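K.L.:
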């Protein structure tokens, strides 16, 4: 009797899931902040694909194309179900050799299905691609892939970038003149918070995640993930993570934030993707992807950091001249040391006693990148040299971690 009850329960849940997916995902695409500059959308209901450009507050269609998708519709759940997945995906590469021309045409672009959000939901299967075909096609003729005309696929990467440009695949697509809302601010701020927490190796870093769901997407326990991450942290005393081209897109029941990431001084670079789902009222990371990739010309980090540190010290000098102790103290990390003083409160007391002295920040520093952080040495006229050690602070800013009389 119990066995029969369990079987019926599983059947009901499976039917409920099938009905939910049968409704189909229909996102609204409209101009807003944090859209990728170029991306694709596939409307399976209309069997149309679109090349889109977001620029200057406008979203325009560069090209509208006929396509064919899974013969059993969308909302792929299982390997071999002959459905096309619904969600936000990324081109993983470009294949041009060894393809069966009749089936795939000249060119194929593998997609990252199942993505981490798909794995959380238990979706299976692989081998989903955007590709051409060596013969004419009609609606809904594939085993799950998205097929376009050969000449379109052959030049697709002129408009979209491998690993960077998303492909939104949906049962239908609605178009809006303007978005009523931008991306959830929690996703934008949460992504920036992820960067800051990873830089500072704070315990709060792991609180951004949903451990139970993350285990499903990562294929490892959350404890294993924590150990692996802490090992990465231990390899270098400090890191400076630079985020560029932040884009945020909505998937069916999740959000994905993706950005170009450069990590200094180690020199790592590539694309980072964070997948978010709601847990009660909070957005939590349920999965992530890191794709190493050459991001193009790399700025000279020593020069970049030097300019930023000099600007930070000028801000300190201006705050000193104004008598703005509050702003000046904010330039120090909350756990900073200054000679024998430890922490912002003690440093504030010491600086307040020195107000009548010449401005100690109004000197051209010598700056260098060290294994412990970025060091600046100020040599005031008639005074002792002072050494400042800077570490990354809030998003792309610097804080003083240590200040002392130079030896």
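Numbering (the numbering used here), first residue to last: 876 to 1282. Think of the CB as a built atom: it goes at the ideal place given N, C-alpha and C, for glycine as much as any other residue. Treat the numbers as computed from the prediction; the structure is a model and nothing was measured.
What is the DSSP secondary structure of residue 912, counted as helix, strand or coil?
P.N.:
coil
K.L.:
According to DSSP, is residue 1286 part of a helix, a strand, or is it coil?
P.N.:
Not covered by the structure: residue 1286. The range shown for the chain is 876 to 1282.
K.L.:
Based on Cα-Cα distance, which residue from 1272, 1280, 1279 and 1253 lies nearest to residue 1067?
P.N.:
1272
K.L.:
Is residue 1274 buried or exposed, if buried means 16 or more other CB atoms sit within 10 Å of its CB?
P.N.:
Flag for residue 1274 reads buried.
K.L.:
In this structure, how does DSSP classify residue 1200 when only helix, strand and coil are distinguished?
P.N.:
helix
K.L.:
Which term fits residue 1277, buried or exposed, when burial requires 16 or more other beta carbons within 10 angstroms of its beta carbon?
P.N.:
buried
K.L.:
Which partner residues of residue 1133 appear in the DSSP bridge assignment?
P.N.:
Answer is 1122 and 1148, bridged to residue 1133.
K.L.:
Could you tell me the alpha carbon to alpha carbon distance between residue 891 and residue 947, rounded to whole angstroms?
P.N.:
Residue placement at residue 891 cannot be trusted, given a pLDDT of 42 that sits under 50; the coordinates are not used to answer.
K.L.:
Is the segment 986 to 1001 touching the segment 921 to 933, taking contact as three or more C-beta pairs under 8 Å?
P.N.:
no
K.L.:
Is it right to say residue 1048 is buried, meaning 16 or more other beta carbons lie within 10 angstroms of its own, or is it exposed?
P.N.:
buried
K.L.:
Among 1034, 961, 1160 and 1136, whose alpha-carbon lies nearest the alpha-carbon of residue 898?
P.N.:
961
K.L.:
Using 8 Å for Cβ pairs, my map puts residue 1150 next to residue 1163. What's the rounded Cβ distance?
P.N.:
7 Å
K.L.:
Say whether the segment 1057 to 1067 touches the segment 1145 to 1160, bearing in mind that this needs 3 or more beta-carbon pairs closer than 8 Å, one atom from each stretch.
P.N.:
yes
K.L.:
Quick one, which of 968, 1088 and 1137 has its alpha-carbon nearest residue 994's?
P.N.:
Of 968, 1088 and 1137, the residue nearest in Cα terms is 1088.
K.L.:
Three-state secondary structure (DSSP) at residue 1277?
P.N.:
Correct three-state label for residue 1277: strand.
K.L.:
Check the DSSP bridge columns for residue 931 and list the partner residues they point to.
P.N.:
Beta-bridge pairing links residue 931 to no other residue.
K.L.:
Check residue 946 in the structure and name its three-state DSSP category.
P.N.:
It is coil, neither helix nor strand.
K.L.:
Under 9 Å between the Cβ atoms of residue 1114 and residue 1139?
P.N.:
yes
K.L.:
Considering only C-alpha positions, which residue in the set 1125, 1232 and 1206 is nearest to residue 992?
P.N.:
1125
K.L.:
Of the choices 974, 901, 1061 and 985, whose alpha-carbon is the least far from that of residue 1020?
P.N.:
When 974, 901, 1061 and 985 are compared, the shortest CA-CA separation from residue 1020 is found for 985.
K.L.:
Does DSSP put residue 918 in a helix, in a strand, or in coil?
P.N.:
strand
K.L.:
If you run the structure through DSSP and keep just helix, strand and coil, what is residue 1091?
P.N.:
Residue 1091: helix per DSSP, three-state reduction.
K.L.:
Excluding the 5 residues flanking residue 1280 on each side, which residues of the same chain have their C-beta closer than 8 Å to its C-beta?
P.N.:
Result list for residue 1280: 1214, 1259, 1260, 1261 and 1262, in chain order.
K.L.:
Kindly confirm or deny that the segment 1009 to 1028 and the segment 949 to 960 touch, where touching means at least three C-beta pairs closer than 8 Å.
P.N.:
Note that the segment 1009 to 1028 touches the segment 949 to 960; at least 3 beta-carbon pairs, one per stretch, sit closer than 8 Å.
K.L.:
Where DSSP assigns a beta bridge to residue 963, which residues make up the other side?
P.N.:
1043
K.L.:
Give the DSSP-derived three-state secondary structure of residue 1157 in the structure shown.
P.N.:
strand
K.L.:
Given a threshold of 16 other Cβ atoms within 10 Å of its Cβ, counted over all protein chains shown, does residue 1157 qualify as buried or as exposed?
P.N.:
exposed
K.L.:
List the DSSP bridge partners of residue 1116.
P.N.:
Paired residue(s): 1138.
K.L.:
Going by DSSP, what residue range makes up the alpha helix (DSSP H) through residue 1219?
P.N.:
1219 to 1228
K.L.:
Compute the beta-carbon to beta-carbon distance between residue 1242 and residue 1256, rounded to the nearest angstrom, for a pair I have assumed lies under 8 Å.
P.N.:
The Cβ separation is near 19 Å, so there is no contact.
K.L.:
Three-state secondary structure (DSSP) at residue 977?
P.N.:
helix
K.L.:
Return yes when the Cβ of residue 1137 is within less than 9 Å of the Cβ of residue 1170, no when it is not.
P.N.:
For residue 1170 and residue 1137, yes; Cβs fall inside 9 Å.
K.L.:
Please determine if the segment 1217 to 1233 and the segment 1120 to 1135 are in contact, where contact requires at least 3 C-beta pairs separated by less than 8 Å.
P.N.:
no
K.L.:
Within a Cβ cutoff of 6 Å, which residues of the same chain sit near residue 1057, ignoring the five residues on either side of it in sequence?
P.N.:
907 and 908
K.L.:
Determine whether the beta carbon atoms of residue 1035 and residue 1042 lie at a separation below 9 Å.
P.N.:
yes
K.L.:
When the distance is taken between beta carbons, is residue 1097 closer than 9 Å to residue 1090?
P.N.:
Yes, Cβ-Cβ distance for residue 1090 and residue 1097 is below 9 Å.
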